[in-house]
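Working notes, structure below.
Numbering (the UniProt record's numbering), first residue to last: 1 to 317.
This is the structure we're talking about:
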């Protein structure tokens, strides 16, 4: 199989490329990434010289670049990670999210259609569903009700992906995952922020009362789920990916500090984020039952390994 992976120098994309090259050594992977602030080719140093791996610096918003890449490679599938992802940044600059997440995705869909690419897997987020109360779970049938510019841009992209299946018969598949964690994540996200601030002995910001709940999924488990969707998923389907591992932010921050043996007094309450969703929780029964996927990483073990990775990076600076 010859894959085009977009955003492959980012956190999840780079883990996915390394995973795929390990699991499928005969596959060829073309990695397209514009190397914005969150993209780092160092994430792929270990595979840079692997036969069948190719990196191309290009922007998915550029129609000409994308058309050339698609026409120059006999692609079997696209796995589309490339996106602006940070909610806080979307509040400050929503137009950037529209340009990359909506128009960039539509560019890719059109290029894939023009070159008759067999399968298009779009990596989305549970944030498109909006927010939950203290009970209930997001299923694939939950209506989309995004509450941030970031989530709105991803929901819009999801609708475009769906429309190419319904209108053109393209084999598109959408995954919606819960919060990922693990090594190499860009340090603006919650878990890296907490670890890095704790390591430096600085205050750790906690939005509002810290009661916002997220379902945490190890990035390796996310990669195995995408693998299943790519190889066994049904055309036109949506698959939720979650670990049934809910933590509120306050408890998670305290757990990290306890593992790091850092006093909880370093936590500092800050004004809540605008439009901060209360709770996300995934019902992943569809992908479990239909594709036989299960998360395997124990959260506390994975969290400990993640802490150790970031601490080592801090010590080497």
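C-beta atoms are modelled at their ideal positions from N, C-alpha and C, and glycine is treated no differently.
Take the alpha-carbon of residue 63 and the one of residue 266: they are about 48 Å apart. Of the other Cβ atoms in all chains shown, fewer than 16 fall within 10 Å of the Cβ of residue 26; this residue is therefore exposed. If you draw a straight line from the Cα of residue 156 to the Cα of residue 102, it is about 6 Å long.
DSSP places residue 312 within a helical segment (H, G or I) once states are collapsed to three. Our two residues, residue 254 and residue 94, have alpha carbons roughly 32 Å apart in a direct line. For residue 120, the beta-bridge partners assigned by DSSP are 78, 172.
By the Cβ rule, the stretch 299-310 does not count as touching the stretch 234-241, because fewer than three pairs are nearer than 8 Å. Between the alpha carbons of residue 100 and residue 311 lies a gap of roughly 32 Å. Under the DSSP definition of a beta bridge, residue 293 lacks any partner. In this structure residue 165 does not touch residue 97 by the C-beta definition: roughly 23 Å separates them, more than the 8 Å allowed. Using a C-beta cut-off of 8 Å, the stretch 200-211 makes no contact with the stretch 31-41, since fewer than three inter-stretch Cβ pairs fall below that distance.
Boundaries of the alpha helix (DSSP H) harbouring residue 253: 249-260, taken from the DSSP string.
Residue state for residue 220 is assigned as helix, using DSSP reduced to three classes.
For residue 106, the uninterrupted alpha helix (DSSP H) segment begins and ends at 104-114. Looking at the DSSP output, residue 214 shares a beta bridge with 247. Rounded to whole angstroms, the Cβ separation of residue 179 and residue 15 is 15 Å, and the two are not in contact under 8 Å. The C-beta of residue 42 has fewer than 16 other C-beta atoms within 10 Å across all chains shown, which makes the residue exposed.
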